[in-house]
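My numbering puts the first residue of the sequence shown at 12, with every later residue one more than the last.
Input: a single structure, listed below in structure tokens.
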Amino acid sequence: MRASEVACFVRQGADGTIRPHFRQEEFLHDTVPSNGDRRRGRSERCGRQGWDGNRLYPELRGAIVMRYPGDAGAKAMTQATPTRQIITALLTLLALAALFSLRIVGLYSHQALAVVLLLGLVWAIASRSWLAWKRRLQLELLREPGRRDHRSQLLQAVGRASFWAMAGVACVTVFPRSAEMTPLIAAVIVISVLRVAASFVAPRRTNPGPTLVMVAGALVLAFDLGRAFGGGGFRDGAADVVQIAPPFEGDWLVLQGGPSPLQNHHLSAYNQRFALDLVRLDDGRIFTDGTGNASVYSWEQPLVSPVDGIVVIAEDRMEDAEGANFVTDPADAAGNVVVIELETGLFVVLAHLRHGTLQVNEGDRVRKGDPLALVGNSGNTTMAHLHLQVQTHRDLWDPDNRSVPFVFEGGDRVLARNDRGVGTTR
């Protein structure tokens, strides 16, 4: 049977003030010992004599010793104070609320999750190092996880680890699948494993509040991952799925698209649910050795009409930005854009086109494969890419406008993040 002692003894401060000081000791007995046996039980591992001749810790001489059978003493010393529990739980709640609020503004992405994982690992290393220096680290949870009096700490460790594991899986799932990203994906995996392992190196004081908040966060991540793997409302056999030809040549990667906010920042906009952001790949790579807009292979890639129809919008009034560009007016978000009306009454939108490269005018009738423009970096962008969607109304920002799912001819499903679209050579 494991027993604990909480010792209260006095210390005299530099100013002469006498203050009580508490200390917990644990020892192992088959039965609850008497006071004399208790002292002798500790004398086997203590180096100096106490006031009664038994060998005790020197600082406990003249102390008042209270004994708790079983793990009662451990609970008395390992529970954090209520005020600290509340503050820590609130801080954890605020941190996760900040992360998940990014869903609303379309910034809930692999970058945000990678930052959370990295900060989590840094905090784990710093806090565990400080606790080890203060001798407040509980390593017995790793050595004897099945021990009965460790059950509460083990459950809390599993709860915290579940959040870090889900964050790691989510980050790796949505990280762009290109050749230059492979080392970063490996780094995320290593950071995630270390952070999960750190959850089981627990402090002696426990606090269930943050654990409950992190379990809730793990459930949110699990729900988002479930939508990513399950397809959500993106069903390939639906009657309203439109078939169009790829408007490009070569191999292109979907950077934004899919039914989960982890995959698709367009979900935060009422009119872009099924939109895709695509970038050109060359030998599996997104980036070139160039600078500025020329640092990505997408820059100035030729685009052709993906459908037969009539050009109803052909705007070419915005200069291309160098790098990321954020606009305040929604009317400028698409940048230079071409909108083509189909015979069915739907509209195809190609946005963020290169200024000065449009080869069509409003009212022109186009057929599949007719040249339209070059990929640019106009409007609301982070880098040169193609924004492609099919919608119900001519004006992108019509309050009644909605995007509809589409597939490329020859494809067998609606594309989502990290899928590839391959155009044919014309």
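We put the beta carbon where it would ideally sit given N, CA and C, even for glycine.
Three-way DSSP call (helix, strand, coil) for ALA362 in this model: strand
TRP141 and ASN282 closer than 8 Å at C-beta: no
For VAL315, the three-state DSSP class (helix, strand or coil): strand
Bridge-paired residues (DSSP) for GLU352: ILE321 and PHE358
Assigned secondary structure, ASP288 (DSSP; H/G/I helix, E/B strand, else coil): strand
Heavy atom of the ligand HEM within 7 Å of ALA178 beta-carbon: The ligand HEM is not part of this structure, which contains no ligands at all.
Beta bridge counterpart(s) of GLY434 as assigned by DSSP: GLY261
Simplified DSSP assignment, three categories, for ARG50: Interpretation of ARG50 is limited by its pLDDT of 42, a score under 50 that renders its predicted location unreliable; the figure taken from the coordinates is listed afterwards. If DSSP states are grouped into helix, strand and coil, ARG50 belongs with the helices.
Local Cβ density within 10 Å of ALA208, reported as buried at 16 or more and exposed below that: exposed
Whole-angstrom distance between GLY295 and LEU266, CA atom to CA atom: 14 Å
Option nearest ALA332 by Cα separation, candidates ASN412, ARG171, PHE111 and THR393: THR393
The stretch 210-218 in contact with the stretch 182-200 per 3-pair CB rule at 8 Å: no
Residue burial classification, ALA181 (beta-carbon count within 10 angstroms, cutoff 16): buried
Buried versus exposed call for SER189 [16 or more other C-beta atoms within 10 Å across all chains shown]: By the neighbour-count criterion, in which a residue is buried when 16 or more other Cβ atoms sit within 10 angstroms of its Cβ, SER189 is buried.
Buried versus exposed call for ARG72 [16 or more other C-beta atoms within 10 Å across all chains shown]: Low local confidence applies: a pLDDT of 43 at ARG72 is under 50, so the model's placement there is unreliable, and no value is given.
Burial state of GLN400 (16 or more Cβ within 10 Å): buried
Same chain, Cβ closer than 7 Å to GLU311, neighbours up to 5 away in sequence not counted: ARG365, LEU385 and VAL386
Assigned secondary structure, ILE255 (DSSP; H/G/I helix, E/B strand, else coil): strand
Counted within 10 angstroms of its Cβ, other Cβ atoms place SER118 as buried (16 or more) or exposed: Going by the sequence as given, residue 118 is Leu instead of Ser. If you draw a 10 Å sphere on the C-beta of LEU118, you find fewer than 16 other C-beta atoms in it, and that means exposed.
Cβ neighbour criterion (16 or more within 10 Å) applied to ARG284: buried
Sub-8 Å separation of THR359 and PRO416 beta-carbons: The sequence shown places Val at residue 359, not Thr. Not a contact, by the Cβ cut-off of 8 Å.
Per DSSP, cross-strand counterpart(s) of PHE419: ILE255
Stretch pair the stretch 420-427 + the stretch 250-259: three plus CB contacts closer than 8 Å: Here the stretch 420-427 makes contact with the stretch 250-259; the two share three or more CB pairs at distances below 8 Å.
Beta carbon of LEU314 nearer than 8 Å to that of HIS363: no
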